[in-house]
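To convert, count from 1 in the sequence shown and add 7; that's the numbering used here. Using N, Cα and C, we set each Cβ at its ideal position, and we do this for glycine too. Here the structure is a predicted model, which means the values were calculated and not measured.
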Amino acid sequence: MGVNGIAASNYGSTTSTQTKTKTESSTTAANTANEPAAVYEKSTEETVKKPVYKQDTATIAQLKADAEKRTQQLRDLVEKMMLQQGQTFDEATMYQLLREGKVTVDEETAAQAKADIAEDGYWGVNQTSDRLVSFAKALTGGDPDKIDAMADAIKEGFEQAKKAWGGELPEICQKTFDATMEKLEQWRSSSKESAETE
8 MGVNGIAASN YGSTTSTQTK TKTESSTTAA NTANEPAAVY EKSTEETVKK
58 PVYKQDTATI AQLKADAEKR TQQLRDLVEK MMLQQGQTFD EATMYQLLRE
108 GKVTVDEETA AQAKADIAED GYWGVNQTSD RLVSFAKALT GGDPDKIDAM
158 ADAIKEGFEQ AKKAWGGELP EICQKTFDAT MEKLEQWRSS SKESAETE
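Structure below.
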């Protein structure tokens with residue numbers, strides 16, 4: 008067979024294949040012409056937009072600065088009182104003397120301390136637990152999914168405070184811890200209620 012025969016043979020088979028494919032396509036097109044190209048179904052569920060939580064760095068900075076200032080004021084007050092009594096100390100000794108009540112406190116210092124740890128004083132249960140929760144909200148950007156992580160961090164902080172103190176913390180510390188955990192749960196509850204009403 009010559010080259011022309013091969014070319015003609017191939018040409019014929021290509022033509023029949025193309026014809027067959029066109030016929031099948033026409034049949035399929037005819038069958039689907041009566042069917043809609045796309046069907047729109049309204050979704051029964053609305054798209055839920057999940058809020059974006061962003062860390063509140065301004066509040067964090069303000070809370071940290073305020074806490075550092077107040078802590079230094081308290082430390083200065085205690086150091087001054089102890090130095091007036093002829094005590095030499097480092098941080099561990101200071102905590103031990105305070106824990107054991109071996110420091111004589113003058114009236115002015117006692118009055119300031121009572122005001123600071125009063126129910127609504129700066130170091131009191133209400134303000135301190137409020138600051139802890141505010142700090143947790145600022146760190147998480149208000150993300151209620153991170154409440155458990157914040158609660159764990161606060162627990163760890165209290166454990167570190169116990170080690171630094173050298174034993175069980177004073178009763179006010181336990182009350183502050185309890186109030187903080189309660190306020191975290193209130194945050195969780197209010198977040199769930201807000202999510203349900205949206």
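query	result
Taking Cβ to Cβ, would you say Ala145 is nearer than 9 Å to Gln62?	yes
Which one of Gly148, Asp113, Gln119 and Ala143 has the shortest CA to CA distance from Ala158?	Ala143
Where does Tyr102 sit, in a helix, a strand or coil, going by DSSP?	helix
Would you mind reading off the limits of the alpha helix (DSSP H) that contains Trp194?	Glu178 to Thr204
Would you tell me roughly how many angstroms separate the C-alpha atoms of Glu203 and Thr66, rounded to the nearest one?	28 Å
Using a Cβ-Cβ cutoff of less than 8 Å, which residues in the same chain neighbour Trp172 once the five nearest sequence positions on both sides are dropped?	Tyr102 and Arg106
Applying the 10 Å Cβ sphere with the 16-neighbour rule, what's the burial state of Ser136?	buried
Measuring CB atoms only, is the segment 104 to 122 touching the segment 180 to 194, in the sense that at least three cross pairs come out at less than 8 Å?	no
Can you name the start and end residues of the alpha helix (DSSP H) that Gln92 belongs to?	No alpha helix (DSSP H) contains Gln92, which DSSP labels as neither H nor E.
Since Met89 and Val112 are thought to touch, with beta carbons under 8 Å apart, how far apart are those beta carbons, to the nearest angstrom?	About 10 Å; that fails the 8 Å criterion.
Exposed or buried, Gly164, counting other C-beta atoms within 10 Å across all chains shown (16 or more means buried)?	exposed
Roughly how many angstroms lie between the CA atoms of Pro58 and Arg195, to the nearest whole one?	16 Å
What does a CB cutoff of less than 6 Å around Thr183 pick up in its chain, not counting 5 residues either side in sequence?	Val132, Thr135 and Ser136
How many angstroms separate the CA atom of Glu86 from the CA atom of Arg77?	14 Å
Looking only at its own chain, which residues have a Cβ that is under 8 Å from the Cβ of Leu176, when we skip the five neighbours before and after it?	Phe165, Ala168 and Lys169
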